[in-house]
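Notes to accompany the following structure.
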Amino acid sequence: MGTRIVSGIVLLILLIGLLYAGGPVLLTAMLVISLIGLYEFYRALSNQHKPFQIIGLAAAILYYGVLLFREEWVRDGNFGLFFFIGLFWILMVLAVFSYPERRTEDVALTFAGVLYVPVLFSFVYFLRQSQDGMLYAPYIFWAAWGSDTCAYFVGRALGRHKLVPKLSPKKTVEGAIGGVVGALAICLLYGGLIHSYVEASLRTVLVTSAIIGLFGSVLGQVGDLFSSSVKRFMGVKDFGKLIPGHGGILDRFDSVLLTAPVVVMAINIVAHFGI
Numbered sequence: 126m127g128t129r130i131v132s133g134i135v136l137l138i139l140l141i142g143l144l145y146a147g148g149p150v151l152l153t154a155m156l157v158i159s160l161i162g163l164y165e166f167y168r169a170l171s172n173q174h175k176p177f178q179i180i181g182l183a184a185a186i187l188y189y190g191v192l193l194f195r196e197e198w199v200r201d202g203n204f205g206l207f208f209f210i211g212l213f214w215i216l217m218v219l220a221v222f223s224y225p226e227r228r229t230e231d232v233a234l235t236f237a238g239v240l241y242v243p244v245l246f247s248f249v250y251f252l253r254q255s256q257d258g259m260l261y262a263p264y265i266f267w268a269a270w271g272s273d274t275c276a277y278f279v280g281r282a283l284g285r286h287k288l289v290p291k292l293s294p295k296k297t298v299e300g301a302i303g304g305v306v307g308a309l310a311i312c313l314l315y316g317g318l319i320h321s322y323v324e325a326s327l328r329t330v331l332v333t334s335a336i337i338g339l340f341g342s343v344l345g346q347v348g349d350l351f352s353s354s355v356k357r358f359m360g361v362k363d364f365g366k367l368i369p370g371h372g373g374i375l376d377r378f379d380s381v382l383l384t385a386p387v388v389v390m391a392i393n394i395v396a397h398f399g400i
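Residue 159 in our numbering sits at position 34 of the sequence shown; the count goes up by one each step and never skips.
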C-alpha cells in the first residue's frame, strides 16, 4: 500500500508539471507513455496472437509527429481519415502476404491497439492546448483517478455485492457507486476552485464538472474493466511492472484513456449549447 501511494503521488506531481508545460514537452512525454502502453498491449496479446507490433508502434510515432508539426491536420479531421484508412490497407496487405502465420484477427488487434492507446490518449493534449486548457486538463485525472481511489476505499470498507465477479472479483457495486460519487464531488470541488480563472460562468463550470465527474467515472471504470478483460483473456496479472505498486503504464492509465474523450466532449457540448 505504501509503495502504491508514494508512486502515485510522484506520478501525479510529474503529470502536473507536464500539463503546466504543455506543447512539445507534454506531447513528447505522451508519445513515450503511448509507446510503452501500446507495447504492453501487444505483448499481452502475443501470448495467443501475433499483432503487427512494429507497424502499430510506427503508426503511433507518425500520429504524434503530425500532432507536433501539423496539429491542424489532425484537428480538421482529414488526417485522421487518411491515417486510419492507410493503416488498415497496410495491415491488410501484410496479413495477406504473411498468411497463415498472421491472420485477420491480428490486423484487428493491431488496429484496435493504435486507436485504444495513442489516439484516445491524445485527447489529453487536445484539451491542454485549448482555451483555458491548463486548468481544464486536470479534470481528466481527477475524474479517472479520483474515481479509482474512491472506488477502492469504499469497496474495501463497504463492498458486499460483486460487480463483475468473473472479470474482476475484487470490484463491488458499492465501490463503483463510491467511485462515481467521489469523482463527482472531486470535480465539483475543483470546478469551484477554478471558475474565477476561466472564461465561463460558475454555473457553466459546475454543470461541466458534474457531467465530467459522472460520465468520466462511469467510462473510466468501464475502461478499467476492459483492460481487466484483456489481461484475463490473455492470462496475465498486470500489463507490466514499470510503476511500483500499480503495474504497467496501461494498468495506471486504462481509465484515463476512456475518460479523456468524455471530458473534451463534455466541455464542448456545454459550451455549444450555452448551458
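Positions of the beta carbon are idealized from the N, C-alpha and C atoms, including for glycine.
- Annotation: L187 to L143 spans about 21 Å, alpha carbon to alpha carbon.
- For the 8 Å CB-CB criterion, V242 and L163 form a contact.
- The beta-carbon distance between G238 and P149, rounded to whole angstroms, is 25 Å. This is too long to meet the 8 Å contact definition.
- Using a Cβ distance threshold of 8 Å, A301 and A276 count as a contacting pair.
- For the 8 Å CB-CB criterion, F236 and L252 do not form a contact.
- CA-to-CA, the gap between V279 and R285 works out to about 11 Å.
- The beta carbon of L193 sits closer than 7 Å to those of P149, L152, all from its chain and outside the five residues before and after it, given in chain order.
- Within its own chain, the residues whose Cβ lies closer than 8 Å to the Cβ of P386, once the five positions on either side in sequence are excluded, are L245, F248, listed in chain order.
- A residue is called buried when at least 16 other Cβ atoms come within 10 angstroms of its Cβ; D201 does not meet this threshold and is exposed.
- Its chain contains no residue whose beta carbon lies nearer than 8 Å to that of I179 once the 5 sequence neighbours on both sides are disregarded.
- In the DSSP assignment, K295 falls within the beta strand (DSSP E) that extends over 293–297.
- In this chain, the beta strand (DSSP E) harbouring L288 covers 287–289.
- Cβ-Cβ separation between D257 and V323: approximately 4 Å, consistent with a contact (criterion under 8 Å).
- The shortest C-alpha to C-alpha distance from A268 to any of Y167, L288, C312, M259 is the one to C312.
- Straight across, the Cα-Cα distance linking M259 with I138 is about 14 Å.
- The criterion of a C-beta distance shorter than 8 Å is not satisfied by A185 and F364.
- Nearest Cα to V388 within the set Y189, L136, I265: I265.
- As far as DSSP is concerned, G211 takes part in no beta bridge.
- Our two residues, V355 and A233, have alpha carbons roughly 14 Å apart in a direct line.
- Within the same chain, no residue comes within 6 Å of G317 by CB-CB distance, once the 5 residues on both sides are set aside.
- Closest in C-alpha terms to E197, from the list F358, L283, Q254, comes Q254.
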